[in-house]
Structures are given as structure tokens and as C-alpha cells.
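Colleague: In the numbering used here, the protein residues as written are 1182 to 1378. Structure provided below as C-alpha cells; questions to follow.
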Amino acid sequence: MMKAMAEEENKGDGQKQSGQIESLFFKSRSVIVAGEINDKLAQRTVTQLLALAEDGDAPINMFISSPGGHVESGDMVHDIIKFIKPTVRTIGSGWVASAGALIFIGAKPENRYCLPNTRFLLHEPSGGIGGTASDIEIQAEQLMRMRERFHKLFAAATGQTPEKVAKDMARDFWLTTDEALAYGLLGSVITSVDELK
């Protein structure tokens, strides 16, 4: 009986602490995008962005560390960053790759930051193609359209030409922080929260 009561009390303390952390995190106006980009991560991220936008117009800090994932899920977050009223500052940490980079460039160039040890990876979208010959043809056409859209998006976001982006993204294109700065992908490297504008 005493053991059960103690366990229940510990559970209550844990829930209270978790609630306090969530409340403090919301007040910090931060969003974390970590791991594979998929529909669940996109839904959670967009929900947080919309809630923070409803709460006020102060800037939102989005921390990104992702190997990439589903392009359309990345598109959803990318577009909402541009859609909401508050400024969103994307902050790379660890690695910002593929669909993670797509989310990263949702912010304006001056609002794209990263921590010193971040690496960036750009490459063309890919997908598993299978089925009947007609289905394969349709899927291949959609993949080509997505690739062209990627080239235009990253060209507009970096100041590079679509042709250069297409050439660079034909294979895995890794960038250090210095290379990302020179390419126009990144606004600035920061080491402290005090450096956020």
C-alpha cells in the first residue's frame, strides 16, 4: 500500500515537472526539429508554430538537427514559416540535411543561423519508383518536377542560379559553416543566444 502511494506520488511529481518544462519551453518561443522529417514531426512542428504565432508576434527560434526525410513534410513546415506573422529564426545544430535544409531556408537569409559545428547537406530529392510501366513514368515525371522546384527554391534562398544549384545538388553536396556562408545558405554562425538579432 505504502509502495503504491509512493509510486503514485512520484508519478504526480514527474507529471508536474513535465508540465513546468513544457510551460517554460513555450514561453521561450522555441521549436525543436530533430530527427527524420515525417508527417508526425511536421504536424507537431506546425502546431507549435501556429500556437506561438497566436500567442504573440515576438520572434520564434527553430532549432534544426535533421538528416532529412519526406519532402512534402518539409514543404509543410517551410511554407508555415513564411505564412505566420512572427519572424522565425532557424538555427542549425549538428547537421541540417536534405528536407531539413528545406525547412532551414524557410527563414529569410538574415534569420538563418547555426552553431559552430553544424554541417549542411544538399541533394536532389529521391524516391522509390515501382509499379507498372505507366506508374513508373508518372512517378518519374513527378520526381523531375520536384527536382526543378528544389533548384528554384534553393536558388532563390541562396542567390545562386538554378543551373548552379542543379549542378551542385546532382550529388551529395556537403558544406561546412564557412562554405554555407559563402554559398548564401547561412546568415551567420553564432556561439551564444546573445548573438541572435
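Every residue, glycine too, gets a C-beta built ideally from N, C-alpha and C.
Can you list, in chain order, the residues of its chain whose CB lies under 7 Å from that of D1238, leaving out five sequence neighbours each side?
Modeller: Cβ within range, chain order: K1266, P1267.
Colleague: Below 8 Å on the Cβ atoms is my guess for H1304 versus F1354; work out the distance and round it to an integer in Å.
Modeller: Their Cβ separation, rounded to whole angstroms, is 6 Å, which keeps H1304 and F1354 in contact under 8 Å.
Colleague: For the stretch 1271-1279 against the stretch 1287-1305, do three or more pairs of beta-carbon atoms, one drawn from each stretch, fall closer than 8 Å, so that the two count as touching?
Modeller: Yes: at least three Cβ pairs fall under 8 Å.
Colleague: In this structure, does DSSP put K1302 in helix, strand or coil?
Modeller: A quick correction: the sequence has Leu, not Lys, at residue 1302. Correct three-state label for L1302: strand.
Colleague: Which whole-angstrom value describes the C-beta separation of A1278 and L1302, a residue pair presumed to lie in contact below a C-beta threshold of 8 Å?
Modeller: Going by Cβ atoms, the distance from A1278 to L1302 rounds to 4 Å, so yes, they are a contact pair.
Colleague: Going by DSSP, name the residue or residues bridged to T1271.
Modeller: Partner(s): M1243, R1293.
Colleague: Distance, Cα to Cα, I1241 vs L1230?
Modeller: Each residue's Cα considered, the two are about 8 Å apart.
Colleague: Tell me which residue opens and which closes the alpha helix (DSSP H) that V1346 is part of.
Modeller: That run of the alpha helix (DSSP H) goes 1343-1349.
Colleague: Do the stretch 1210-1222 and the stretch 1240-1254 touch if we need at least three Cβ pairs shorter than 8 Å?
Modeller: Taking 8 Å as the limit for Cβ pairs, the verdict is that the stretch 1240-1254 does touch the stretch 1210-1222.
Colleague: Would you tell me roughly how many angstroms separate the C-alpha atoms of E1235 and K1208, rounded to the nearest one?
Modeller: For E1235 and K1208, the distance between alpha carbons rounds to 13 Å.
Colleague: If distances are taken between C-alpha atoms only, which option among H1251, H1259, K1345, I1286 comes closest to P1306?
Modeller: The residue with the shortest Cα to Cα distance from P1306 is H1251.
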